[in-house]
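Following my numbering, the residues of the sequence shown are numbered contiguously, the last one being 1813.
The structure under discussion appears below in the form of structure tokens.
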Amino acid sequence: MAIELLGKSTEELRALAASWGEPAYRGDQIYHALYSERLFDFARMTNLPAALREKLSAEGRITMPRIARRYHSADGSVRYLLALESDATLPALARVQVEAVFMPDTKEDARRQTICISTQAGCAVDCHFCLTAVLGLNRNLTAGEIVGQVLVALDDQREHLLPQTNVVLMGQGEPLLNFDAVMAAVRILLDPRGVGLAPRHVTLSTSGIVPGIERLAKETVRPKLAVSLNASNDEQRDAIMPINRKYPLAVLLDACRNFPLGPREFITFEYVLLGGFNDAPEDARRVAKLLANIPSKVNLIPWNPGDLPYKRPTQKSIDAFKQILLDKGVFAFVRISRGQDIMAACGQLALIESKGIEAKEGEILRSAQNDTL
Ligand code: SF4
């Protein structure tokens, strides 16, 4: 069986080259060609000797995620439905599909794009405001499938790339429940000889898996940490995030307090504002108290009504919530999720596909035109 190269570290590729009787540095060259130059065809790796390219073609393979569908948003973002198994003979429902989103900066002096990627197919964490939860967990993604989502988006958008790339691990899945594969992918993303992203430009978002946060804290090269908070007390958080019963707020915030941060670093707390549920002024005051002594930034994400039974918060409650946090010295920003017209919430595309609904691009765009915040 052919050896899968996508997701292999430089050490693994050096060992592979040595096992074939080649100098180990040939492994470094393959690594650089694959992740830095984005050459996914051995024939194009012309810095390798012809005999090695032939050997690679015969015994190795690079299985990039296949773009099953592209959805273009009016705001410039592109949402990809990616098929992660090349075996097209599998029945549609058995194939693993995940989502990645490419979001170019829309400001006039645009300098960067952000790519949101998935770490699992489906998710077992069961946050009640999340459509991925409805899918349940299908399986963990491999390191190659995780890093491959970034590579495929960069390659697909190569004509439009801006100088800086940010990556957020906020798509389908709980990254800290697939720790080894996620960190293997993150190391390739952050390696200057690999994809070459700066650690401050890669953010891992967790629902609050405390042992995973503690493990991440011990890594030498770490992405930035984001925590999906979404509630101002345990009772509220239990109601929408069952994971809180296992790792309640006090335990979670302790782990955050102990997370090593540099002088200008902070932890991002995401807070989906659900109208009438967690968007009252007293919630904002409690959030400010919870985050005292943690260098933090709060991203307020107004709920965008969809298939789930929550209400959009009013503009007045959004503004008041933000102002209370600012008054109490907590950095707070309102974030509108990108690509709302192309099914913004994680898991929405996969859910549509798994239901076998024909989600044609034009239909999605039309149906969303009345649904902008
Ligand atoms: S919000 Fe994230 S952790 Fe929670 S169910 Fe959805 S994908 Fe899983």
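Note that CB positions come from ideal geometry on N, CA and C, so glycine has one too.
All values derive from a computational prediction rather than experimental measurement.
Buried or exposed by the 16-neighbour rule on C-beta atoms within 10 Å, applied to residue i
i              : result
proline 1505   : buried
alanine 1785   : Residue placement at alanine 1785 is flagged as unreliable, the pLDDT there being 48, under the threshold of 50; a coordinate-derived value is accordingly withheld.
alanine 1442   : exposed
glutamate 1539 : buried
threonine 1554 : buried
lysine 1658    : exposed
threonine 1546 : exposed
leucine 1742   : Reading off the sequence, residue 1742 comes out as proline, not leucine. That one is buried.
glycine 1461   : exposed
lysine 1448    : buried
aspartate 1549 : exposed
arginine 1677  : buried
aspartate 1723 : buried
leucine 1571   : buried
alanine 1483   : exposed
alanine 1523   : buried
alanine 1732   : exposed
alanine 1498   : exposed
glutamate 1710 : buried
Same chain, Cβ closer than 6 Å to residue i, five either side skipped, listed in chain order
i               : result
glycine 1715    : Lys1751, Arg1752 and Pro1753
arginine 1579   : Ala1561
methionine 1610 : Cys1556 and Ser1645
glutamine 1604  : Arg1551 and Arg1552
valine 1565     : Glu1614, Ser1647 and Ile1683
proline 1745    : Arg1752
glycine 1634    : Tyr1475 and Ile1628
glycine 1769    : none
lysine 1737     : Phe1706, Thr1708 and Phe1771
leucine 1479    : Ala1473 and Met1485
Residues of its chain near residue i, where Cβ-Cβ distance is below 8 Å and the 5 sequence neighbours each way are ignored
i            : result
proline 1735 : Leu1701, Glu1705, Phe1706 and Ile1707
alanine 1464 : Arg1454, Ala1455, Ala1457 and Ala1458
lysine 1495  : Trp1460
Of the residues the options, the one placed nearest residue i, counting alpha carbons only
i                  : options                               : result
valine 1642        : Gly1648, Pro1651, Val1650 and Asp1631 : Asp1631
isoleucine 1683    : Glu1499, Arg1478 and Cys1567          : Cys1567
glutamine 1688     : Arg1697, Ile1741, Asn1698 and Glu1675 : The residue you asked about is not glutamine; residue 1688 is proline in the sequence shown. The candidate whose alpha carbon is nearest that of proline 1688 is Glu1675.
phenylalanine 1835 : Arg1501, Ala1671, Leu1577 and Arg1685 : Summary: the structure shown does not reach residue 1835, with the chain confined to residues 1441 through 1813, and so no result is reported for it.
lysine 1664        : Gly1636, Ile1502, Asn1606 and Phe1482 : Asn1606
glutamate 1588     : Ala1483, Tyr1520 and Gln1755          : What sits at residue 1588 in the sequence shown is glycine, not glutamate. It is Tyr1520.
alanine 1473       : Val1608, Arg1493 and Leu1571          : Arg1493
arginine 1697      : Asn1718, Ile1653, Glu1710 and Ala1679 : Ile1653
arginine 1775      : Val1712, Leu1594 and Val1661          : Val1712
alanine 1690       : Leu1669, Pro1703 and Leu1656          : Leu1669
leucine 1594       : Arg1466, Val1518, Ile1502 and Thr1559 : Val1518
serine 1777        : Gly1516, Arg1501 and Ile1502          : Gly1516
aspartate 1719     : Tyr1471, His1600 and Lys1756          : Lys1756
asparagine 1739    : Leu1748, Ile1758 and Phe1773          : Phe1773
valine 1541        : Gly1500, Glu1499, Phe1569 and Val1592 : Val1592
serine 1513        : Thr1503, Ser1558, Arg1501 and Pro1544 : Pro1544
Span of the beta strand (DSSP E), counted from its first residue to its last, around residue i
i               : result
cysteine 1696   : Run containing cysteine 1696: none in the beta strand (DSSP E); it sits in the alpha helix (DSSP H), 1689-1697.
arginine 1726   : Premise fails: arginine 1726 lies in the alpha helix (DSSP H), 1721-1730, not in any beta strand (DSSP E).
leucine 1665    : 1664-1668
asparagine 1684 : First-last for asparagine 1684: 1683-1686, but that is the alpha helix (DSSP H), not the beta strand (DSSP E).
alanine 1846    : Because the chain in this structure spans residues 1441 to 1813, residue 1846 falls outside the shown range and cannot be described.
arginine 1484   : Careful: arginine 1484 lies outside any beta strand (DSSP E) and carries neither H nor E.
glutamine 1553  : 1552-1556
leucine 1594    : Segment 1583-1596 is the alpha helix (DSSP H) holding leucine 1594; no beta strand (DSSP E) there.
alanine 1657    : It is not in any beta strand (DSSP E) - alanine 1657 instead sits in the alpha helix (DSSP H) that spans 1650-1657.
valine 1770     : Segment: none, valine 1770 is in no beta strand (DSSP E) and carries neither H nor E.
tyrosine 1511   : 1506-1512
methionine 1441 : Counting along the chain, methionine 1441 falls outside any beta strand (DSSP E), and DSSP gives it neither H nor E.
methionine 1543 : 1537-1544
N- and C-terminal bounds of the alpha helix (DSSP H) containing residue i
i              : result
threonine 1450 : 1450-1459
tyrosine 1465  : 1465-1471
alanine 1619   : Note that residue 1619 is phenylalanine in the sequence shown, not alanine. It spans 1619-1630 - the alpha helix (DSSP H) in which phenylalanine 1619 sits, taken as one unbroken run.
lysine 1756    : 1755-1767
lysine 1751    : Taken as a continuous stretch (DSSP letters only), lysine 1751 belongs to no alpha helix (DSSP H), as it is neither H nor E.
arginine 1677  : 1674-1680
alanine 1573   : 1571-1575
glutamate 1462 : Per DSSP, glutamate 1462 belongs to no alpha helix (DSSP H) and is neither H nor E.
Beta-carbon contacts of residue i that lie in its chain and below 7 Å, excluding the five residues immediately before and after
i                  : result
glutamate 1798     : No answer about glutamate 1798 holds up, because its pLDDT of 34 lies below 50 and its placement is not dependable.
arginine 1662      : Pro1639 and Leu1656
alanine 1621       : Asn1580, Leu1581, Thr1582, Ala1583 and Ile1586
arginine 1466      : Ala1457, Leu1488 and Leu1492
leucine 1693       : Leu1730 and Ile1734
phenylalanine 1717 : Tyr1750
aspartate 1596     : Ile1507
valine 1650        : Tyr1687, Val1691, Leu1692 and Ala1695
phenylalanine 1619 : Gly1652 and Arg1655
Contact test: residue i Cβ vs the ligand FAD heavy atom, cutoff 7 Å
i              : result
threonine 1486 : In terms of ligand content, the structure shown lacks the ligand FAD and carries the ligand SF4 instead.
Minimum Cβ-Cβ distance from residue i to chain C less than 8 Å
i                  : result
phenylalanine 1773 : This model lacks chain C altogether; it includes just one protein chain.
* Mind the definition here: the stretch 1482-1492 touches the stretch 1503-1520 only if three or more C-beta pairs lie below 8 Å; say whether that holds. => no
* Asked: How about the stretch 1607-1627 and the stretch 1583-1592: do they share at least three Cβ pairs that are nearer than 8 Å?
  -> Three or more pairs of CB atoms, one per stretch, sit closer than 8 Å, so the stretch 1607-1627 contacts the stretch 1583-1592.
* Touching by the beta-carbon criterion (3+ pairs, under 8 Å), the stretch 1758-1772 and the stretch 1711-1727 -> yes
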